[in-house]
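In mature numbering (1 follows the signal peptide of the UniProt record, and there is no 0), the protein residues as written are -30 to -1, 1 to 328.
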């Protein structure tokens, strides 16, 4: 199954490259490429986005890549996307995309080896990938007055096969898989957005709801019976229980980051989820100083699933246009996660981005 999933990812990437090469042989069309680097103390992210004009001012091919490392002890998460933007009229825009998350594997130690007791070391290996579809429709008043507006609605459907296994290892022997289980998590995310232009000011509001096919805190986790079996075998070592808690936190963070992945948003204004979200709301205000410089102040509130608390984020983003083809931006943000059973955790975020239109 894993080989089949990898083939899907490779086919999407190969198909994207072949399509871009075919487009390059056509008469010159507008091509826009953008990249963004984001970082916090433990978090790293790289986003690459682009679009190719297929029909003048009407139809665009869109493509993207994101690489995310949610923490220093986790592997990179890779996502690829391929889609389209199509102007139905001067006011209406239809967009769609397919997204594939490449397989990711993470190993977490759970218990040390105790040769005198005949207990091998124990570790948990988790892996997942994803397949998703996204559709959105937008309306823009598209006028030239001092008061204009835009609205959009989107639907995202993503499937996550979540696999977990227990690995034992004794000194001088090869590791053995003693337990393996796979579960599937589906995520349905409707979203709404709007913006109001008042001269040089722009007011924005976005929000999304996350609906899960199963409990995201238990799907992919070890069941209560499995945990009891582990505790009965390794109960004499309190450190091992702490390792199991760290394993759960790592899995929550991984799933939260994957579920909240937004290839279409090349910025950190949505925040870095520490757990699967239930809903989020993001108001913003932007001021255009002139044709070259604009600044934005935004706030994001995320309510995590029950038992995981909430987060607040305040960010500012500044954009500079260097002539017609080049746009640069930078942003800084402060996020405060407020878990229900722990103290507030503050995180600083910073990003740098660039866009070039050929």
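C-beta atoms are modelled at their ideal positions from N, C-alpha and C, and glycine is treated no differently.
Assign residue i to one of two classes, buried (16 or more other C-beta atoms within 10 Å of its C-beta) or exposed (fewer than that).
i: residue 151; result: exposed
i: residue 86; result: exposed
i: residue 128; result: buried
i: residue 257; result: exposed
i: residue 112; result: exposed
i: residue 96; result: buried
i: residue 17; result: buried
i: residue 25; result: exposed
What is the rounded straight-line gap between the Cα of residue i and the Cα of residue j?
i: residue 32; j: residue 2; result: 9 Å
i: residue 124; j: residue 63; result: 12 Å
i: residue 103; j: residue 72; result: 15 Å
i: residue 105; j: residue 4; result: 21 Å
i: residue 76; j: residue 39; result: 12 Å
i: residue 60; j: residue 173; result: 22 Å
Helix, strand or coil, according to DSSP, for residue i in the structure here?
i: residue 160; result: strand
i: residue 86; result: helix
i: residue -23; result: Model confidence at residue -23 stands at a pLDDT of 41, short of 50, so the residue's coordinates are unreliable and nothing is read from them.
i: residue 140; result: coil
i: residue 6; result: strand
i: residue 75; result: strand
i: residue 319; result: strand
i: residue 283; result: strand
i: residue 65; result: strand
i: residue -1; result: coil
i: residue 131; result: strand
i: residue 324; result: strand
Determine the extent of the beta strand (DSSP E) in which residue i is found, giving its start and end residues.
i: residue 56; result: 47 to 57
i: residue 21; result: 14 to 25
i: residue 363; result: Since the first residue of the chain shown is -30 and the last is 328, residue 363 is not available in this structure.
i: residue 110; result: 91 to 110
i: residue 32; result: 29 to 39
i: residue 256; result: 247 to 258
i: residue 173; result: 171 to 179
Measuring alpha carbon to alpha carbon, tell me which residue in the options is nearest residue i.
i: residue 99; options: 123, 132, 111 and 122; result: 132
i: residue 282; options: 318, 300 and 169; result: 318
i: residue 48; options: 35, 90 and 301; result: 35
i: residue 295; options: 118, 15, 262 and 165; result: 262
i: residue 147; options: 138, 254 and 54; result: 138
i: residue 23; options: 56, 287 and 6; result: 56
i: residue 272; options: 255, 291 and 243; result: 243
i: residue 9; options: 276, 300, 314 and 254; result: 300
Do residue i and the ligand NAP come close, with the Cβ less than 8 Å from some heavy atom?
i: residue 129; result: The ligand NAP is absent from the structure shown, which contains no ligand whatsoever.
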